[in-house]
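Novice: Residue numbers (this note's numbering): 175 to 476.
Ideal placement from N, C-alpha and C gives every residue a C-beta, glycine not left out.
The structure presented is a predicted model; accordingly, all values stated were derived computationally and were not measured.
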């Protein structure tokens, strides 16, 4: 297949690209800066957004995967919150425009990223793909709007998947290195009350679910991209400390975390228990279904 990816240089995008290339697919990565990026026989980089019209350089596209969006891991100033929201809206609208304007036959499938933030936060509720949000906060509103912007693909007759990602674990990027740092300094411990849920997923499974969606025509609609065994913060921390062979003892009170991180602290002191019910029902088998196995793989050289 010829697969177009936005956000292809990000954490999930890089893993996905490697998987697709290993399976002999052709990948076009849409990027704001294609300079100094190496093309080869199965991979090309094309500039998009602004005044660029990438459809002029794209032929016979079978699928589009939309992973673009500003990082949520920087402090949520008013300006950065606008970047988080607007980058996702802009990228998704451009994907819809591409679906409408690509030459030749229209791509048959569109995978658009979303986030488990769609469900709001709760210490007690369990969320599957059928669940309504527990409350409204910034991430819930952004996720809902993100999916609304992708919905016109369905009206175009394109099989559309909304992939609600959990906390993607990678040893070198994303949230995990930040979580590991206090443990490596000997000061790791529970954050807040420790009861908040962390719905995580190994980066190989995050990409694997997308490949599964691309290759299976029955996969359509909302799918949670989270491992089937979420963990409460206190248990996540204990398993992380065990994998790192470091102590788990120094609590970080919620008020201190909120003071340090501001509104972004919702990522740490609140959470949601998200279950990939439809994902597993669709036939996807998680390579790393349990946290200890994921950490053993990611931290084997630590």
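What would DSSP say about residue 193, mapped onto helix, strand or coil?
Specialist: Position 19 of the chain shown holds residue 193. Residue 193: helix per DSSP, three-state reduction.
Novice: Within 10 angstroms of its Cβ, does residue 474 collect 16 or more other Cβ (buried), or is it exposed?
Specialist: On the chain shown, residue 474 is found 300 positions in, with the first residue counted as 1. Residue 474 is exposed by the Cβ-count criterion.
Novice: State whether the segment 402-414 contacts the segment 310-326, with contact taken as three or more CB pairs (one from each stretch) at a distance under 8 angstroms.
Specialist: Contact between the segment 402-414 and the segment 310-326 is absent, because fewer than three Cβ pairs lie under 8 angstroms.
Novice: With DSSP collapsed to three states, give me the class of residue 154.
Specialist: Residue 154 lies beyond the stretch modelled for the chain, which goes from 175 to 476, so this question has no answer here.
Novice: Beta-carbon within less than 6 angstroms of residue 243's beta-carbon, same chain only, minus the 5 sequence neighbours each way: which residues are those?
Specialist: Counted from its first residue, the chain shown places residue 243 at position 69. Counting only Cβ-Cβ distances below 6 angstroms, and skipping sequence neighbours, we find 261 and 262.
Novice: Any contact of the segment 212-225 with the segment 250-258, i.e. 3+ C-beta pairs under 8 angstroms?
Specialist: Contact fails: fewer than three Cβ-Cβ distances are below 8 angstroms.
Novice: Looking only at its chain, what residues have a beta carbon closer than 6 angstroms to the beta carbon of residue 410, apart from the 5 residues adjacent to it on each side?
Specialist: Within the chain shown, residue 410 is the residue found at index 236, counting from 1. Once the five neighbours on either side are set aside, the close Cβ partners of residue 410 are 372.
Novice: Need the endpoints of the beta strand (DSSP E) that residue 285 sits in, please.
Specialist: Within the chain shown, numbered from 1, the residue matching residue 285 stands at position 111. Segment 283-289, the beta strand (DSSP E) holding residue 285.
Novice: Buried or exposed for residue 416, going by 16 or more other Cβ atoms inside 10 Å?
Specialist: Residue 416 sits at position 242 when you count from the first residue of the chain shown. It is exposed - the Cβ of residue 416 has fewer than 16 other Cβ atoms within 10 Å.
Novice: Return the residue from the list 189, 188 and 197 that minimises the CA-CA distance to residue 176.
Specialist: Taking the first residue of the chain shown as 1, we reach residue 176 at position 2. The option with the nearest alpha carbon to residue 176 is 197.
Novice: What residue from 305, 393, 237 and 442 has the CA that sits closest to residue 370's CA?
Specialist: Residue 370 sits at position 196 when you count from the first residue of the chain shown. Checking every option, the nearest Cα to that of residue 370 belongs to 442.
Novice: Based on DSSP bridge pairs, tell me the residues matched to residue 339.
Specialist: Along the chain shown, read from residue 1 onward, the residue named residue 339 stands at position 165. Beta-bridge pairing links residue 339 to 289 and 399.
Novice: Express the C-alpha separation of residue 460 and residue 467 in angstroms, rounding to a whole number.
Specialist: Taking the first residue of the chain shown as position 1, residue 467 is located at position 293. Taking the first residue of the chain shown as position 1, residue 460 is located at position 286. One C-alpha to the other measures close to 11 angstroms.
Novice: My output table needs one value for residue 301: the three-state DSSP class, helix, strand or coil.
Specialist: As a working note, residue 301 is residue 127 in the chain shown. The answer is strand: DSSP assigns residue 301 an E or B state.
Novice: Taking 8 angstroms as the limit between beta carbons, can you name the residues of its chain near residue 406, skipping five residues before and five after?
Specialist: Taking the first residue of the chain shown as position 1, residue 406 is located at position 232. Around residue 406: 368, 369, 370, 371 and 372.
Novice: Nearest to residue 208 by CA position, among 181, 246 and 397, is which residue?
Specialist: In the chain shown, the residue the question calls residue 208 occupies position 34. Taking only the C-alpha atoms, the option nearest residue 208 is 181.
Novice: Assign residue 210 to one of two classes, buried (16 or more other C-beta atoms within 10 Å of its C-beta) or exposed (fewer than that).
Specialist: Taking the chain shown and counting its residues from 1, the one referred to as residue 210 is at position 36. It is exposed - the Cβ of residue 210 has fewer than 16 other Cβ atoms within 10 Å.
Novice: Output the residue ranges of the alpha helix (DSSP H) runs that lie fully inside the segment 304-337 and measure 4 residues or longer, sorted by chain position.
Specialist: Those alpha helix (DSSP H) runs which fall completely within the segment 304-337 and span 4+ residues are 312-324 and 326-329.
Novice: Between residue 246 and residue 258, which are expected to be in contact by the criterion C-beta below 8 angstroms, what is the C-beta distance as a whole number of angstroms?
Specialist: As a first step, residue 246 is located in the chain shown; it is residue number 72 there, counting from the start. As a first step, residue 258 is located in the chain shown; it is residue number 84 there, counting from the start. Confirmed, about 6 angstroms.
Novice: State the start and end residues of the unbroken alpha helix (DSSP H) segment that holds residue 254.
Specialist: Residue numbering aside, residue 254 sits at position 80 when the chain shown is read from its first letter. Unbroken alpha helix (DSSP H) run through residue 254: 252-275.
Novice: Among residues of its own chain, excluding the 5 on either side of residue 422, which ones have a beta-carbon nearer than 6 angstroms to its beta-carbon?
Specialist: In the chain shown, the residue the question calls residue 422 occupies position 248. Only 362, 363, 411, 412 and 415 meet the Cβ criterion.
Novice: Does residue 226 come within less than 9 angstroms of chain C when only Cβ atoms are used?
Specialist: Looking at the structure shown, chain C is missing, and only one protein chain is on hand.
Novice: Go through its chain and collect everything with a Cβ distance to residue 266's Cβ below 7 angstroms, but skip five positions before and after it.
Specialist: Numbered from its first residue, the chain shown carries residue 266 at position 92. 240, 286, 320, 323 and 324.
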